[in-house]
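What follows is a set of notes on a single structure, which appears directly below.
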Ligand code: MF3
Ligand code: CO
C-alpha cells in the first residue's frame, strides 16, 4: 500500500490482522497513477470502494514459499513431539526460535509491530496472539500454536491447535470442526472462485452447522514477501462475493472459531485476544496457493499429525473423522 494517499487508515491494531477495515476511500486514491505490472492485479471500486492489490506469484516463487511454509510445518511437528503437561509455553517458544534459526530462517513474528516473542501460543480462551509464559501447561488445555518464518525472503505462517490430555467432548468437537472448516475453505481456493466462497464455506460449517462463534475482528490474509498482503480473508461472508481469485494468489486461511460467543477483546498488553465469555477458542491456519481445479496447500499437517498421534500426552482422536 506504499504510496497510497488514503483518506482513512486501516483501523488501529498492533497486528495487521484486522477485520474489515475502514475502507481506503477510493476517490482519494488516484488509481490511474498506479503502475500496473502483469503480476499485480489492481482491484478498485470493489466492495464499497475498498481498494485491493493482490500480488500473484510465479512457479519459482511458489516453490520458495512452499519451503517457507514447510519449515513452519516442521517446527510445529517438533513442538508436537515435546508437548506434555508441565511444559511451559515459554520453553516451547525458545525451542521454536532455535529450530527456525538452525534452519537458516528468521522467526517473523519476533519484533513484528513490536511483538515480543518467536511464536503466538494461545491457551483455552485465548483466541490468538497469546504471549508465551512460564505457567506449566496442564491436562485438558487447548493450545493453539502459530509460527511464522522468513526463509529466502519469503514468508511462511501457519498454525495448529493441540489438546493436552483429554479436552472433553465439547472442546474436542470444536477442534475437529474448526480443522474441517479450514479444509472446506481451502476447497474453494480455486481460480475463478471468489474470496467470499472461502469465507462462506468456513462460516457455514462452523456457525450455521454447529452454532459456534466465528470471530469477526480477525481474518486470514495474502502472504508473500510480506506476512500480510491483500486480500483479507474473513471467516464469514457471502458466497459469490468479493474479488475473483487467480492462479498464483497465496493465502493464509485461518479460521478462529469460538465454542461460545463470537465476541472477543484484546488485553492491556495490546496483543492477547480472548473470548468475552472465556469459553475456548480454536485456530488452524494453512498457507494455500490458488490453482485451477484444486488448491495447492503449501504447508503440511502430515508431520504435525504424525507427531501428535505418536505423543501419548496429546489428544488426537478428533483427526480420525477428518475431511481432508
Ligand atoms: N498468523 C498470525 C497472522 O496472520 C500471526 C501474527 S502474530 C504477530 O497475523 F505477532 F506476528 F503479529
Ligand atoms: Co496468519
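Numbering (this note's numbering), first residue to last: 384 to 707. Quick reminder that beta carbons are idealized off the backbone N, C-alpha and C, glycines included.
Across which residues does DSSP place residue i in a beta bridge pair?
i	result
residue 490	532
residue 635	604 and 670
residue 657	509 and 648
residue 461	BP columns for residue 461 are empty, so no partner.
residue 699	Note: residue 699 sits in no beta bridge, so no partner.
residue 710	Residue 710 falls outside the range modelled here, since the chain spans only 384 to 707, and no answer is possible.
residue 476	Answer is none; residue 476 lacks a bridge partner.
Might you give, ordered along the chain, the residues of its own chain that have their beta carbon closer than 6 Å to the beta carbon of residue i, omitting 5 neighbours on each side?
i	result
residue 541	455, 668, 669, 670 and 682
residue 461	482
residue 627	577
residue 526	506 and 545
Pick out whichever of the options has its Cα sitting closest to the Cα of residue i.
i	options	result
residue 446	594, 679 and 694	679
residue 448	506, 539 and 481	539
residue 593	600, 495 and 563	563
residue 647	485, 630, 605 and 601	601
residue 496	609, 624, 666 and 479	609
residue 641	586, 580, 441 and 531	586
residue 666	444, 565, 580 and 590	565
residue 612	603, 618, 620 and 630	603
residue 597	551, 624, 664 and 552	664
residue 589	557, 625, 442 and 533	557
residue 486	451, 492 and 509	451
residue 492	512, 475 and 508	512
residue 698	438, 484 and 551	551
Is residue i close to the ligand CO? I mean its beta-carbon at under 7 Å from any heavy atom of the ligand.
i	result
residue 635	yes
residue 512	no
residue 666	no
residue 613	no
residue 588	no
residue 604	yes
Is any non-hydrogen atom of the ligand MF3 found closer than 7 Å to the C-beta of residue i, if you look at the structure I gave you?
i	result
residue 672	no
residue 536	no
residue 600	no
residue 669	no
residue 492	yes
residue 529	yes
residue 460	no
residue 496	yes
residue 652	no
residue 540	yes
Once the 5 residues before and after residue i are set aside, which same chain residues still bring their CB inside 8 Å of it?
i	result
residue 696	466, 467, 468, 547 and 548
residue 522	468, 547, 548 and 549
residue 675	573, 574, 575 and 630
residue 457	482, 486 and 686
residue 621	579, 582 and 583
Spatial neighbours of residue i within its chain, please: CB distance less than 7 Å, with the 5 preceding and 5 following residues excluded, ordered by chain position.
i	result
residue 659	644, 646, 647 and 648
residue 569	636, 669, 671, 678 and 680
residue 385	Any reading at residue 385 is ruled out, since the residue's pLDDT is 22, under 50, leaving its predicted position unreliable.
### Query
At what residue ranges does the segment 509-590 contain a whole run of the alpha helix (DSSP H), taking only runs of 4 or more?
552-570 and 578-586
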